[in-house]
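Enquirer: In our numbering, the protein residues as written are 2 to 451.
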Ligand SMILES: Cc1ncc(COP(=O)(O)O)c(C=O)c1O
């Protein structure tokens with residue numbers, strides 16, 4: 002560790018004594034003191050107090066410009082007034098949970114369907130993980146096949162079927178590029194389940210075709226994000242998604258687009274629509290709940306009508322489609338994520354992207370950047386954007402960590418706290434935020450160069 006970085010770390014410690022204290026206390030009762038493992042980073046995470054717009058404040062009173070935006074779930078902006086109003090109203094006038102269907106959920110379903118035509122029908126869940134789980138259940142039920150194909154490094158939620166070859170401890174355990182191995186990320190994953198999940202590479206049609214040639218009549222679905230996130234932001238190469246569509250059609254498998262992160266973020270609708278392909282099933286989350294726990298899976302009527310009670314593919318959940326989350330989601334989609342807001346976010350994001358690129362050039366570090374919609378990523382140590390997880394994994398993770406701490410010291414949360422996360426510009430970020438952030442990049446990139 003260079004002296005300069007030791008000084009930075011000392012600054013982080015000096016700035017966050019209450020977080021440190023809270024970390025020590027909460028760790029006694031909560032493993033790692035976090036609600037989700039992704040919130041942890043060394044030496045200890047910042048403990049949050051409140052947010053407004055593009056800003057969050059920690060329990061030490063520090064203010065940060067936030068680009069994590071709760072991993073893309075809060076891109077309406079923290080405490081967005083339209084969403085707060087909808088939540089307060091629904092709680093006062095209706096309640097949080099009635100245990101009955103409600104017209105509000107129908108309204109949100111209709112709104113989503115009008116913006117994503119492949120979604121003729123939809124069911125709501127409480128998390129993206131549940132929604133991907135149900136989507137593959139439906140694909141399995143309708144094909145009578147058990148295997149699913151996913152991309153290496155892709156995250157689709159922490160359930161057994163898809164938490165495979167996501168973020169392995171080392172790249173080696175994934176096997177060779179040509180013969181990738183399915184490796185569970187978590188202890189406790191049954192081997193029999195692991196065998197059902199085949200892994201392949203984003204942007205490599207041949208690798209997908211190879212799996213289909215070998216297991217064609219056993220594959221129920223290919224699930225992928227159209228723009229790969231959770232390894233920075235990786236754009237699909239020309240025709241890649243169309244080729245996936247062709248292979249799925251040829252072999253009779255479902256094509257499921259996971260738009261939990263990208264939906265209404267990477268694009269003003271579902272991101273796959275920009276690439277001229279059709280989906281069989283689409284999974285949504287984050288934005289559609291306006292910052293509350295709401296996600297969904299949907300698709301063509303002929304598929305969705307197989308869900309209970311109309312059909313026999315089971316979908317339950319005490320909290321599903323509760324008025325609280327649905328009202329927040331409706332406010333988000335109808336009032337916040339308008340075409341104008343998307344345009345504004347995209348433009349601000351492009352300014353940020355350009356500014357970061359200039360700062361990279363100025364500092365003479367090796368790094369590449371990608372931006373799409375309101376999202377972006379910086380890859381330290383890579384001179385061009387990666388095409389897949391194996392390339393992304395080559396990121397200089399030590400440099401990333403120095404950047405992370407240095408940006409926090411500057412009062413900026415540049416990302417979610419891991420090298421494979423992305424930045425998000427929300428509907429409430431301002432030009433001033435972007436300018437301040439670019440200034441911080443100029444300063445920080447020089448410091449972390451080492
Ligand atoms: C692409 C993708 N799919 C699914 C999920 C799981 O969503 P949740 O955290 O709501 O379970 C995530 C979470 O970040 C995600 O990024």
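For each residue, glycine too, the CB sits at the ideal point set by N, CA and C.
Can you tell me which of the three DSSP states residue 146 falls into?
Expert: In the structure shown, residue 146 sits in coil (DSSP, three-state: anything other than H, G, I, E or B).
Enquirer: Using 10 angstroms around the beta-carbon of residue 417, count the other beta-carbons present and answer buried if the total reaches 16, otherwise exposed.
Expert: Classification for residue 417: buried.
Enquirer: Alpha carbon to alpha carbon, how far is residue 363 from residue 323? Give it in angstroms, no decimals.
Expert: In a straight line, the C-alpha of residue 323 is about 50 Å away from that of residue 363.
Enquirer: Taking buried to mean at least 16 other C-beta atoms within 10 Å of its own C-beta, is residue 215 buried or exposed?
Expert: By the neighbour-count rule (16 or more Cβ atoms within 10 Å), residue 215 is not buried but exposed.
Enquirer: Touch check for the segment 404-413 and the segment 441-449: three-plus C-beta pairs under 8 Å?
Expert: Result yes; three or more Cβ-Cβ pairs closer than 8 Å.
Enquirer: I'd like to confirm something about residue 227: is its beta-carbon nearer than 8 Å to some heavy atom of ligand 1, or not?
Expert: Answer for residue 227: no, Cβ out of range of ligand 1.
Enquirer: Quick check on residue 196: buried or exposed, where buried means 16 or more other Cβ atoms within 10 Å of its Cβ?
Expert: Exposed, since its Cβ has fewer than 16 Cβ neighbours within 10 Å.
Enquirer: Leaving out five residues on either side along the sequence, give the residues of the same chain with a beta carbon under 7 Å from the beta carbon of residue 340.
Expert: Excluding sequence neighbours, residue 340 sits near 269.
Enquirer: Taking residue 233 as the reference, give the member of 138, 217, 392, 100 with the closest Cα.
Expert: Residue 233 has its Cα closest to that of 392, out of 138, 217, 392, 100.
Enquirer: For residue 158 versus residue 132, is the C-beta spacing smaller than 9 Å?
Expert: In contact: residue 158 and residue 132 (Cβ atoms closer than 9 Å).
Enquirer: Along the chain, where does the beta strand (DSSP E) containing residue 377 start, and where does it finish?
Expert: Here the beta strand (DSSP E) through residue 377 covers 376-381.
Enquirer: Based on DSSP bridge pairs, tell me the residues matched to residue 284.
Expert: DSSP output for residue 284 lists 259, 298 as bridge partner(s).
Enquirer: Please confirm whether any heavy atom of ligand 1 lies closer than 8 Å to the CB of residue 81.
Expert: Checking every heavy atom of ligand 1 against the Cβ of residue 81, none is found closer than 8 Å.
Enquirer: With hydrogens ignored, establish whether the beta-carbon of residue 68 is closer than 8 Å to any heavy atom of ligand 1.
Expert: No, ligand 1 has no heavy atom inside 8 Å of this Cβ.
Enquirer: In the DSSP assignment, find the beta strand (DSSP E) that holds residue 53 and state where it starts and stops.
Expert: Where residue 53 is concerned, the enclosing beta strand (DSSP E) stretches over 49-53.
Enquirer: Throw me the rounded Cβ distance for the residue 380 and residue 372 pair, which I believe falls under 8 Å.
Expert: Going by Cβ atoms, the distance from residue 380 to residue 372 rounds to 12 Å, so no, they are not a contact pair.
Enquirer: Say the cut is 8 Å; is the CB of residue 286 nearer than that to a heavy atom of ligand 1?
Expert: Checking the Cβ of residue 286 against ligand 1 gives yes.
Enquirer: Leaving out the 5 sequence neighbours to the left and right, which residues in its chain are closer than 8 Å to residue 346 when beta-carbon positions are compared?
Expert: Closer than 8 Å at Cβ, skipping near neighbours: 76, 374, 375, 426, 427, 428, 430.
Enquirer: Can you grab the Cα-Cα spacing for the pair residue 66 / residue 22, in whole Å?
Expert: Taking the straight line from one Cα to the other gives about 23 Å.
Enquirer: Taking 8 Å as the cut-off, does the CB of residue 150 come closer than this to any heavy atom belonging to ligand 1?
Expert: Answer for residue 150: no, Cβ out of range of ligand 1.
Enquirer: Less than 8 Å between the CB atoms is what I'm expecting for residue 124 and residue 308, so what's the real figure, rounded?
Expert: Yes, residue 124 and residue 308 are in contact; Cβ-Cβ is about 6 Å, under 8 Å.
Enquirer: Taking contact to mean 3 or more Cβ pairs, one atom from each stretch, closer than 8 Å, check whether the segment 41-52 and the segment 294-314 are in contact.
Expert: Touching, no, given that fewer than three Cβ pairs across the two stretches are closer than 8 Å.
Enquirer: Could you compute how far the alpha carbon of residue 311 sits from the alpha carbon of residue 271?
Expert: For residue 311 and residue 271, the distance between alpha carbons rounds to 27 Å.
Enquirer: Got a sec: does ligand 1 put a non-hydrogen atom nearer than 8 Å to the Cβ of residue 259?
Expert: For ligand 1, at least one heavy atom lies less than 8 Å from the Cβ of residue 259.
Enquirer: Please state whether DSSP places residue 79 in a helix, a strand or coil.
Expert: It is a strand residue.
Enquirer: Return yes when the C-beta of residue 128 is under 8 Å from any heavy atom of ligand 1, and no when it is not.
Expert: Correct: residue 128 has its Cβ closer than 8 Å to ligand 1.
Enquirer: Near residue 294, what residues of its chain come up, given a Cβ to Cβ distance below 8 Å and the 5 sequence neighbours on each side ignored?
Expert: Cβ within range, chain order: 127, 128, 320, 326.
Enquirer: Whole angstroms is fine: what's the gap from residue 421's alpha carbon to residue 225's?
Expert: Roughly 17 Å between the two C-alpha positions.
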